[in-house]
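J.: Provided herewith is a single structure, encoded as structure tokens, for subsequent inquiry.
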Amino acid sequence: MVATNQDLDNRIQTLAQLMYEAKRLVVFTGAGISTDSGLPDFRGPDGVWTRRDKGLTPTSSKVDWTSVEPNQGHMAIMDLFNCGKLYFLISQNIDNLHIKSGIPVDIMAELHGNLAKFRCINCEKTFSKSEGVEKCECGGSLKSSVVDFGDSLPSKDLMDSFEYSQKCDLFLVVGSSLVVTPAATMPRVALEAGAKLVIINQGETPYDRAADLRFDENISEVLPRAIELLKEKIAN
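Now the structure itself:
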């Protein structure tokens, strides 16, 4: 059934109310949040894996990731932080756009690493590539922080993600198909701990039936409007 504008408005108002009531809001982002910045996603309607599964050739456009800028979705999450409503951010993305938007690194877990960072192979401390650091102070060598297929996820980011997912009272998924584990187990952890679940994603996820609120619309149609309503509620 096609959603009406009134239905969308009602759901956005409900999202704003849920965020307003939340004491510990965790946001979980996937590649879908960065498509409006010109980056490809994987399992969206025209994603890399979606096209492959349909026997279609991948999109040919090549993007210089270092020149890409945050979009409305990233900035809406930054607004959540500025409102004092962002408890923690968990991201599957390696594009550095959340940091570019202004999100402090100490309230974020980058489960799959970051193209702009090196990681120490011993202590897992990260360093911006722009710092020019060649060796960690612990003596460990540095490598790209991006997690390759088969590599373990960074232990602190993974532990923090599970901890905050278990503590949250509202878990907001933005632009993820929730199929890549162990990251995709976070919504289940939150649900089992009694949190409400909201999903904003174009394309099905395994958690759709468990969600308290579901959006299939583009992130830019939903999240900025919900944040503006949230600001109004806070101001009043």
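In our numbering, the protein residues as written are 67 to 302. Where a beta carbon is used, it is the ideal one built from N, C-alpha and C, also for glycine.
#1: Output the distance between the C-alpha atoms of Phe108 and Ala97, rounded to the nearest integer angstrom.
#2: For the putative contact between Arg291 and Ile156, defined by C-beta atoms under 8 Å, what is the C-beta separation to the nearest angstrom?
#3: With a CB to CB cut of under 6 Å and the five nearest residues on each side skipped, what residues in its chain are close to Leu238?
#4: Report all residues from its chain with a CB closer than 7 Å to the CB of Leu74; omit the five preceding and five following residues, and keep chain order.
#5: Go to Val239, then tell me how far its beta strand (DSSP E) extends in each direction, as first and last residue.
#6: Express the C-alpha separation of Phe228 and Ala259 in angstroms, rounding to a whole number.
#7: Please go through the same chain and pick out, in chain order, the residues whose beta-carbon is closer than 7 Å to the beta-carbon of Asp223, but skip the five residues on each side of it.
#8: Counting C-beta neighbours from all protein chains within 10 Å, is the total for Asn267 16 or more, i.e. buried, or is it exposed?
#9: Can you check the segment 205-240 for any beta strand (DSSP E) of at least 3 residues that lies completely inside it and give the ranges in chain order?
#10: Report the three-state DSSP secondary structure of Ser157 (helix, strand or coil).
#11: Where do the N-terminal and C-terminal ends of the beta strand (DSSP E) with Ser286 fall, by residue?
#12: Straight-line CA distance for Gln232 to Glu203?
#13: List the DSSP bridge partners of Leu74.
#14: With H, G and I counted as helix, E and B as strand and the rest as coil, what does DSSP make of Lys151?
#15: Give the DSSP bridge partners of Val93, in chain order.
T.: In brief:
#1: Within the sequence shown, residue 108 is the residue found at index 42, counting from 1. Within the sequence shown, residue 97 is the residue found at index 31, counting from 1. The predicted position of Phe108 is uncertain, since its pLDDT is 47 and thus under 50; a value taken from the coordinates is nonetheless stated next. C-alpha separation (whole angstroms): 7 Å.
#2: The residue you call residue 291 lines up with position 225 of the sequence shown. The residue you call residue 156 lines up with position 90 of the sequence shown. Arg291 to Ile156, Cβ: 23 Å. No contact.
#3: One-based indexing of the sequence shown puts residue 238 at position 172. Same-chain partners within the cutoff: Val93, Val264.
#4: Position 8 of the sequence shown holds residue 74. Excluding sequence neighbours, Leu74 sits near Glu283.
#5: Start at 1 with the first residue of the sequence shown, and residue 239 comes out as number 173. From DSSP, the beta strand (DSSP E) with Val239 extends over 236-240.
#6: Position 193 of the sequence shown, counted from the start, is the residue given in the question as residue 259. Position 162 of the sequence shown, counted from the start, is the residue given in the question as residue 228. Cα to Cα, Ala259 sits roughly 11 Å from Phe228.
#7: As a position in the sequence shown, residue 223 is number 157, starting the count at 1. Once the five neighbours on either side are set aside, the close Cβ partners of Asp223 are Ala175, Glu176, Leu177.
#8: In the sequence shown, the residue the question calls residue 267 occupies position 201. Asn267 comes out buried.
#9: Runs of beta strand (DSSP E) with 3 or more residues, each lying fully within the segment 205-240, are found at 208-210, 236-240, listed in chain order.
#10: As a first step, residue 157 is located in the sequence shown; it is residue number 91 there, counting from the start. Ser157 sits in a strand when the DSSP states are folded into three classes.
#11: Along the sequence shown, one-based indexing puts residue 286 at 220. Where Ser286 is concerned, there is no enclosing beta strand (DSSP E), although the alpha helix (DSSP H) it sits in stretches over 285-301.
#12: Start at 1 with the first residue of the sequence shown, and residue 232 comes out as number 166. Start at 1 with the first residue of the sequence shown, and residue 203 comes out as number 137. Gln232 and Glu203 have their C-alpha atoms spaced approximately 33 Å apart.
#13: Residue mapping note: residue 74 aligns to position 8 of the sequence shown, counting from 1. Assignment of beta-bridge partners to Leu74 by DSSP yields no partner.
#14: For this step, residue 151 is matched to residue 85 along the sequence shown. Three-state result, Lys151: coil.
#15: For the purposes of this step, residue 93 is identified with residue 27 of the sequence shown, where counting begins at 1. Val93 pairs with Leu155, Leu238.
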